[in-house]
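>
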Amino acid sequence: MSREYVLSKCAKIMDRVPGENIIGVEVGVFAAQLSSTILPEYPRLKKLYGVDPYVQFTKRDEWPQQKWDDLYDAVQRVMAVYGDRWELIRKTSLEALEHLPDDLDFVYLDGDHSAATIEAEIPLYEKKVKNGGIICGHDYYGTGEPGVKPSVDKYAKDNHRNLQFDEAQNMWWWRVKRTSKSEAKRIAVQKGDE
Ligand SMILES: C[S@@+](CC[C@H](N)C(=O)[O-])C[C@H]1O[C@@H](n2cnc3c(N)ncnc32)[C@H](O)[C@@H]1O
Numbered sequence: 442m443s444r445e446y447v448l449s450k451c452a453k454i455m456d457r458v459p460g461e462n463i464i465g466v467e468v469g470v471f472a473a474q475l476s477s478t479i480l481p482e483y484p485r486l487k488k489l490y491g492v493d494p495y496v497q498f499t500k501r502d503e504w505p506q507q508k509w510d511d512l513y514d515a516v517q518r519v520m521a522v523y524g525d526r527w528e529l530i531r532k533t534s535l536e537a538l539e540h541l542p543d544d545l546d547f548v549y550l551d552g553d554h555s556a557a558t559i560e561a562e563i564p565l566y567e568k569k570v571k572n573g574g575i576i577c578g579h580d581y582y583g584t585g586e587p588g589v590k591p592s593v594d595k596y597a598k599d600n601h602r603n604l605q606f607d608e609a610q611n612m613w614w615w616r617v618k619r620t621s622k623s624e625a626k627r628i629a630v631q632k633g634d635e
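When we follow my numbering, the leftmost residue of the sequence shown carries the number 442, and every step to the right adds one.
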């Protein structure tokens, strides 16, 4: 992927997230191409969490575990320059949820694009995003895989989300909107009060 393409993906995320001291999550980090571009480009991004298990998954079945371990080490080395602004959680998206804050400005889903995973991720990660923030993801149309479009479309339709998509960047997104009542409920659920 060219730097211009990655920069345009970063802009699609950050141009939609207002304010300073932004906190975001990238699910599916791989070689940290997006993470290592977005952090220096956007100083107002206070903290970026990366979530990736670095283990075999369907798309890269042929990789031995050693190769994943080496990639994880390389990413940690390269990203160390960002200090506290970067934190890599070596877990699957669903395992990582409990380690993430509940007031995220954005979530970018680009991990396992199977229907089962994306359908589980969307509602759980959406709950982590604060009112006015965005949930978005890559491979809307797929790249040799079925793509996430059917699952994203269905969730958005069933839940009346204002789904937007961008063909050039192969991305989908919507802004998270809550009434104060549903926001109070979300916080109570996150705290375990309900
Ligand atoms: C397409 S790559 C990510 C590319 C990266 N977002 C970028 O733009 O540079 C997909 C990554 O998702 C990770 N992955 C696979 N299953 C996952 C899961 N259940 N949760 C989180 N990440 C997962 C893989 O290990 C792989 O590194």
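Don't be surprised by glycine CBs; every beta carbon is placed ideally from N, CA and C.
Just so you know, these numbers come straight off a predicted model, no measurement behind them.
1) Tell me which same chain residues have a C-beta within less than 8 Å of the C-beta of residue 470, skipping the five on either side of it?
2) Go ahead and pull the three-state DSSP assignment for residue 579.
3) So, helix, strand or coil for residue 507, using DSSP?
4) Less than 8 Å between the CB of residue 540 and some heavy atom of ligand 1, yes or no?
5) Going by DSSP, what residues sit across from residue 559 in a beta bridge?
6) For residue 457, which of helix, strand or coil comes out of DSSP?
7) If you measure from the CB of residue 573, is any heavy atom of ligand 2 nearer than 8 Å?
8) Considering only residues of the same chain and omitting the five flanking positions on each side of residue 488, which have a CB-CB separation below 6 Å?
9) Ligand 1 heavy atoms versus the CB of residue 551: any closer than 8 Å?
10) Using only CA atoms, which one of 572, 555, 578 lies nearest to residue 623?
11) Counting only the same chain and skipping the five closest in sequence on each side, list residues whose C-beta sits under 7 Å from that of residue 521.
12) Alpha helix (DSSP H) containing residue 535: first to last residue?
13) Of the choices 578, 486, 569, whose alpha-carbon is the least far from that of residue 618?
14) Of the residues 483, 589, 566, which one's Cα is nearest the Cα of residue 611?
The structure says:
1) Around residue 470: 476, 491, 492, 493, 516, 529.
2) Looking at residue 579 - three-state DSSP - the assignment turns out to be strand.
3) Helix.
4) No - ligand 1 has no heavy atom lying nearer than 8 Å to the Cβ of residue 540.
5) When beta bridges are read from the DSSP output, residue 559 appears opposite no residue.
6) Judged by DSSP in its simplified three-state form, residue 457 adopts coil rather than helix or strand.
7) Annotation note on ligand 2: not contained in the displayed structure, which lists ligand 1 as its ligands.
8) Counting only Cβ-Cβ distances below 6 Å, and skipping sequence neighbours, we find 464, 526.
9) Result yes, Cβ under 8 Å from ligand 1.
10) If we check each option's Cα against that of residue 623, 572 comes out closest.
11) Closer than 7 Å at Cβ, skipping near neighbours: no residue.
12) DSSP places residue 535 inside the alpha helix (DSSP H), whose first and last residues are 534–537.
13) If we check each option's Cα against that of residue 618, 569 comes out closest.
14) Residue 589 is the option with its Cα nearest to residue 611.
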